Amino acid sequence: MQSLSPSQMVEPDRVHRLAYTSQEIFDREVENIFEKIWVYCGHESQVKKPGDYHTLQIGRQPMVMVRGKDIKVRVLYNRCPHRGVELCGNTHGNTGSNFVCSYHAWSFHLDGKIESIPLMKGYDGTRMTRDNPDCSMKAAARVDSYRGFVFASLSPTGPSLLDFLGEAKIAFDDMCDRSPEGEVEVVPTCHRVMQHSNWKFFMENQLDSLHPSVTHQSTGVAAGRIEKQMQAGGTTPPLYYHYLSTFASSFEQWDSVQTINFPRGHGVLKAYMGLRPQDPDTKAYEKLMEKAYGKEKMEEYLSRSIHHVLVYPYLSVQSPLQQLRCLRPLGPNKTLSEIWHFRLKGAPEAIYRRSLWYYNLVNSPATMINADDLENWTKGQWGLESTGSDWVSFHRDFGRDTIENGVTYSNKGTSEAVMRSQFKAWSEYMGGAK
Amino acid sequence: MAAAKKTRNPKGAKVAKVAASAKRKAAAKTPAGKNLKQNVVIRAGAETRRTGAQRIAPDHSPRAKVVAVKAPRTLAAAASTRGDLQRRVEQFLYAQSELLDNKYWQDYINLFAADGVYWMPVTTDQTEWEGSPSIFAEDKLLMQVRMGRITHPNAWSQAPMWATNHLVSNVVIEKETAKEIVVRSRFHMMELRRDNLRHFGGTYRHTLVRKGDSFAIKLQRVDMFNSQATYDYVLQIWV
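As you go down the protein sequences, you meet chains B and C in turn. Here the first sequence is numbered in the working numbering, starting from 5 and rising by one per residue. Here the second sequence is numbered in the working numbering, starting from 105 and rising by one per residue.
What follows is the structure, given as structure tokens:
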């Protein structure tokens, strides 16, 4: 059964279930994709002062993002080169002026270079001397950042960060451009929610416009009821009721929300919530934006139609609400999601609070939305582990999308162009070098 | 807004579609990232056809319709009228746990004052329920939304076996004035979902106002000791 190669698993309109369930395939994904491509590490504002660190996983590698004394942000392997012991034992913190191993007190500068080894004489005449790079913490092969968002690649070769991001760099432009200062700052809370499903379920779900009114019916209907009740009572419901009630829109309406699918599996779900009400808070914000950029640029920045942007295969950026979800695949049926929120520097407090409602209601661990998504993905994973049928169908609107210059525009919101495009990228990655 | 209007009128929708496709053709000449003009806003109930969420009738669900049942008098917080303040407050907290574990959601919400708030901050140093990232930050109306979700027959994640069991102890009255009583206690909640058991624990801090012989909750602050641990699935209802 395991004799299918990744390229045999992907047909233009359907995919073999083993792409989601096989350990062998997962191992190959780690090797060919996650330990090669540019992986998001964090935002520069997570490590403001020298010694500030944040730990993360790239593929199977324990890594640490750290601010050096020279202000540079580096990404190092979070392990002592002596016997492999983890150096930073917490998710984040400040390590002081150096890293010290808890086992034999080897210490390292913030750039990973060896600082001291107790009783160094013991190494005289061996090949483990201070000038041996094996004596220092290993660094990620490449580190780069775009508008404050730090990425690392464990492969010394391959496309540059900007080439990798391609059109999906709009995620970070759209988020930062909405700040009158052109920058965002992290909100120092990271919600971590485990998904008991393959990472692909999440990536596909993010641009799946048919599921919201089914999966999120209960929340959409419940919020819509209170929203109407408030309107009937003469009060204007806060925007966050609309965040929730929109999920219960009709199939036809969801079908009008277009997806744009870029090379490398990246994509955009266009906006559908109308996040630019003309209330005093928005007007005050627009004034600041106009002062910073001029009317034309302000209009361009605030009228981009984006709900979220996917950086395939692990990032979902909801730029208009400054939220970001990052996947750390741990196994074929286990995926950790890290959920972040950012503040627009220089924007009024009210604008932050407006997006905070979305973070609290949709992206917190008490989410009224993902509760039902997670249920779907778990049940989906179980189903694909079954031999009930081998093929996963992606036939909806097959052959009816518009493809121009390598970009696929879905002519229907519910077109499964998204999955087809993601699997095209997947088989390219899995076929070999990319 | 425009799209919502269009869909009311089938003729208008056709025109709009042609316009959209022409627009798309024009946009295709520019880089894809530029093709991001805002043009669709959708809104539940904006069109007359009842499809999607409106059409999936509750009888598609494996769950029976959830009928709102009023909690029996023995469980209601009115049981807290006898004894000294310490005992009355304890009885109030026990009654609250019973309402949650027995799924008397409306009776639980009724424990809150009109301006009452249920708040679970992320960290213990947060001081305001609005304006900082929270796990729960709900006034009574948002609590109604959460109850509406969980009692909807198609709250899919409610289909598997699901129950909670709360213990409350270490009840300390921190402050007592003519108007308010601040009570700190410890809780332990076990949750069963499918065949998995999870544990949540921490500190409740109730700000109670007097309501007749009993109390109403002005603020229930919940500092969960494992609030920042990885969540193996999410929290569906108040802890």
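For every residue, glycine included, the Cβ atom is placed at its ideal position computed from N, Cα and C. None of these values were measured; they are calculated from a predicted model.
Against C/Ile239, what residues of chain B qualify as contacts under a CB-to-CB distance less than 9 Å, listed in chain order? His195, Asn364, Ser368, Pro369 and Ala370
Using a Cβ cut-off of 7 Å (strictly closer), state whether C/Gln200 contacts chain B. Cβ-Cβ to chain B under 7 Å: no for C/Gln200.
When the Cα of B/Met293 is compared with those of B/Gly186, B/Gly46 and B/Cys92, which residue comes out closest? B/Gly186
Using three-state DSSP, classify B/Val14 as helix, strand or coil. Under the three-state reduction of DSSP output, B/Val14 falls in the strand class.
Residues of chain C with a CB under 8 Å from the CB of B/Thr376: which are they? First, the residue type needs correcting, since residue 376 of chain B is Asp and not Thr in the sequence shown. Ordered by position in chain C, the residues that pass the 8 Å Cβ test against B/Asp376 are Ala259, Trp260 and Ser261.
From the DSSP output, in three-state form, read off B/Asn102 for me. B/Asn102 carries a coil assignment under DSSP once its states are collapsed to helix, strand and coil.
Cα separation between B/Asn202 and B/Lys287? B/Asn202 and B/Lys287: Cα-Cα distance of roughly 43 Å.
DSSP state of B/Ile373, grouped into three classes? coil
So, with DSSP's three-state summary, where would you put C/His256? coil
Would DSSP call C/Ala123 helix, strand or coil? Bear in mind that a pLDDT of 44 at C/Ala123, under 50, signals an unreliable position, so the model cannot answer this.
By DSSP, does B/Phe92 sit in helix, in strand, or in coil? The question names Phe, yet the displayed sequence has Cys at residue 92 of chain B. B/Cys92: coil per DSSP, three-state reduction.
C/Ala132 by DSSP, collapsed to three states: which one? Low confidence applies here, because C/Ala132 scores a pLDDT of 43, under 50, leaving its location unreliable; read the following figure in that light. DSSP places C/Ala132 in helix when its eight states are reduced to three.
If you check the beta carbons only, do B/Asn209 and B/Ala421 fall under 7 Å apart? no
C/Gly235 CB to nearest chain B CB: under 7 Å? yes
Taking only beta-carbon positions, decide if B/Gly186 is within less than 7 Å of chain C. Chain C, which has no Cβ nearer than 7 Å to the Cβ of B/Gly186, makes this no.
Would you give the residue range spanned by the alpha helix (DSSP H) that C/Asp211 belongs to? Trp209 to Asn214 is the extent of the alpha helix (DSSP H) around C/Asp211.
Considering only C-alpha positions, which residue in the set B/Ser149, B/Ser368, B/Gln235 and B/Thr391 is nearest to B/Asp167? B/Ser149
Are B/Phe153 and B/His58 close, meaning C-beta to C-beta below 7 Å? no
For B/Met198 and B/Pro317, I'd like the C-alpha separation in whole angstroms. 17 Å
Thinking C-beta only, is B/Ser309 closer than 7 Å to B/Ala275? Yes; because the gap between Cβ atoms is below 7 Å, this pair is in contact.
Within 10 Å of its beta-carbon, does C/Lys118 have 16 or more other beta-carbons around it, so buried, or fewer, so exposed? Bear in mind that the predicted position of C/Lys118 carries a pLDDT of just 39, short of 50, making it too unreliable to give a figure here.
Beta strand (DSSP E) containing C/Asp243: first to last residue? Ser238 to Asp243
Do B/Val443 and C/Val144 have their C-beta atoms within less than 7 Å of each other? Absent from the structure is residue 443 of chain B, since the part of chain B shown begins at 5 and ends at 438.
Counting only Cβ-Cβ distances shorter than 9 Å, please list the residues of the stretch 314-329 of chain C near chain B, keeping chain order. none
So, does the CB of C/Val338 fall closer than 7 Å to a CB anywhere in chain E? Absent from the structure: chain E. Protein chains present are B and C.
Establish whether the CB of B/Val77 and some CB of chain C are separated by less than 7 Å. no
Measure the Cβ-Cβ separation of B/Ser11 and B/Met179 and say whether it is below 7 Å. Cβ distance not < 7 Å, so B/Ser11 and B/Met179 don't count as in contact.
Assuming B/Pro241 and B/Gly170 are in contact, meaning their beta carbons sit under 8 Å apart, how far apart are those beta carbons, in whole angstroms? With a Cβ gap of about 39 Å, B/Pro241 and B/Gly170 do not count as contacting.
Going by beta-carbon coordinates alone, are B/Asp181 and B/Lys416 separated by less than 7 Å? no
Short Cβ contact (7 Å threshold) for B/Gly228 with C/Ala148: yes
Is the beta carbon of C/Leu197 sitting closer than 7 Å to the one on C/Ser289? yes
Please name the residues in the stretch 296-328 of chain B whose beta-carbon is closer than 8 Å to at least one beta-carbon of chain C, in chain order. Hits within the stretch, in order: Ser307, Arg308, Ser309 and Ile310.
Is there a Cβ from chain B that is less than 7 Å from the Cβ of C/Thr281? no
Would you check if the distance between the CB atom of B/Leu331 and the CB atom of B/Thr339 is smaller than 7 Å? yes
Buried or exposed for B/Pro333, going by 16 or more other Cβ atoms inside 10 Å? buried
In angstroms with no decimal places, state the Cα-to-Cα distance between B/Ser159 and B/Arg83. 18 Å
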